[in-house]
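Take a look at the structure below.
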Amino acid sequence: MFSWRAEVRPGVWVAFTDAAAGNLALHVGDDPEEVRHRRAGIEAALGLGGRPFRYMNQVHGSVVAGIGAAAAPGIGTDAPTADAMVSLGEPLAVMVADCVPVVLVGDRAGDGTPVLAVVHAGRPGVASGVVPAAVARMRGLGAAGLSAWIGPSVCGGCYEVPGDMRDDVAARVPAAWCTTSRGTPGLDLPAAVRSQLQDAGVIVEYSGNCTLEDEQLFSYRRDRNTGRFAGLVWTDAGTAQR
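For my numbering, add 19 to where a residue sits in the sequence shown, where the first one is 1.
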């Protein structure tokens, strides 16, 4: 069910699901009830005690949504249209099938409340700075000591793009520039995300496998008719909002 899972700080957990957990996306033509059943099964397996993961309507942009106590007034419980979410301990999820899923954790100075974030960093999001925007939103909530976990995504050796596209993205994020294993123009999105995190003073704790090379993970470039796995972050009951 998980390609990677760990308690990264006392009472704070990060995980990335795999294809065995099933498709977790509502937008890929799957039966919505089956998707909701899978999501609920993961929440039960992780012992969330009825707390649901919050998912986003991901649009390859750079909007960061606050969830729960971190939300702006009037924000409801529906999935926000955004490519990053930040919370004060509420469980969060990001879905991918080649794009880079990023999970971030910090602690709010003064009371130690965990500040959590997830980011959907595809090519447009990397270029438009969704990762630095999420970090800035976390720090705006008082987060310090930030760490990040970069989940499975397509690697630079596999992600072939037109040369002008490579040049356009690399002009904004130089670490994205690469050549694929076939000698063609490519983009190394995990390296680009890593550089953005390091530039923002965030410690990168983990990087996952290449989705295109690992058949235990969904990959849109390998199979357009595919599901989505998820990057997850949550707290043990009682850990959030100390």
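A virtual CB, placed ideally from N, CA and C, is assigned to each residue, including glycine. This structure is a prediction, so every number in the text was calculated from the model and none was measured.
### Message
Please classify Ala-256 as buried or exposed, where buried requires at least 16 other C-beta atoms within 10 Å of its C-beta.
### Response
Under a 10 Å Cβ-count criterion, Ala-256 is classified as exposed, with fewer than 16 other Cβ atoms of the shown protein chains found around its own Cβ.
### Query
Excluding the five sequence neighbours on either side, which residues of its own chain have a C-beta within less than 6 angstroms of the C-beta of Ala-249, listed in chain order?
Thr-36, Leu-43, Ala-112 and Met-114
### Message
Am I right that Val-145 and Ala-103 are in contact with their C-beta atoms under 8 angstroms? What's the rounded C-beta distance?
### Response
Contact doesn't hold; Cβ gap of about 12 angstroms is too wide.
### Message
Can you tell me whether His-79 is helix, strand or coil according to DSSP?
### Response
coil
#### Entry: Three or more C-beta pairs below 8 angstroms linking the segment 177-188 and the segment 126-140
no
### Message
Restricting to Cα atoms, I'd like to know which of Ser-81, Ala-140, Arg-55 and Val-105 is closest to His-46.
### Response
Arg-55
### Message
Quick check on the DSSP output: the alpha helix (DSSP H) that includes Ser-214 runs from which residue to which?
### Response
First-last of the alpha helix (DSSP H) with Ser-214: 208-218.
### Query
With DSSP run on the structure shown, which of helix, strand or coil describes Arg-241?
Three-state result, Arg-241: coil.
### Task
Please name the residue in Asp-50, Ala-63 and Pro-29 whose C-alpha comes closest to that of Pro-133.
Pro-29
### Message
So, under 8 angstroms CB-CB, Glu-109 and Gly-87 are touching, yes? Tell me the CB distance rounded to an integer number of Å.
### Response
4 angstroms
### Message
I believe Thr-221 touches Leu-123 by the beta-carbon criterion, under 8 angstroms. Please report the beta-carbon distance rounded to the nearest angstrom.
### Response
One detail in the question is off: residue 221 reads as Val in this sequence, not Thr. Between Leu-123 and Val-221 the Cβ distance is about 7 angstroms, and since that is below 8 angstroms, they are a contact.
### Other residues of its chain near Gln-215: CB distance less than 7 angstroms, five sequence neighbours each side excluded
Val-150, Pro-151 and Val-192
### Message
Could you tell me the alpha carbon to alpha carbon distance between Val-223 and Gly-69, rounded to whole angstroms?
### Response
30 angstroms
#### Entry: Cβ neighbours of Ala-189 in the same chain (closer than 7 angstroms, five flanking residues each side left out)
Ala-195 and Trp-196
### Query
At what residue ranges does the segment 23-54 contain a whole run of the beta strand (DSSP E), taking only runs of 3 or more?
31-36
### Beta carbon of Arg-121 nearer than 7 angstroms to that of Ile-169
Note that residue 121 corresponds to Val in the displayed sequence, not to Arg. Contact: yes.
### Query
Would Thr-254 be called buried (16 or more neighbouring beta carbons within 10 Å of its own) or exposed?
Buried is the call here.
### Query
Would you say Val-82 and Ala-101 are within 7 angstroms of each other, going by their C-beta atoms?
yes
### Task
List the DSSP bridge partners of Glu-179.
Gly-205
### Task
For the alpha helix (DSSP H) holding Gly-154, just list the boundary residues, first then last.
Checking the sequence shown, residue 154 turns out to be Val, not Gly. Taken as a continuous stretch (DSSP letters only), the alpha helix (DSSP H) holding Val-154 covers 149-159.
### Message
One question on the structure: do Arg-185 and Leu-206 come within less than 7 angstroms of each other, judged by their Cβ atoms?
### Response
yes
### Message
Here's the rule I'm using: 16 or more other beta-carbon atoms within 10 Å means buried, otherwise exposed. How should Gly-66 be labelled?
### Response
exposed
### Message
Under 6 angstroms: does the beta carbon of Glu-109 sit that close to some heavy atom of the ligand SAH?
### Response
Of ligands this structure carries none, so the ligand SAH is not represented either.
### Query
Grouping DSSP H, G and I as helix and E and B as strand, with all else coil, what is Val-145?
helix
### Task
Sort out for me which residues DSSP pairs Leu-251 with in a bridge.
Ala-34 and Ala-112
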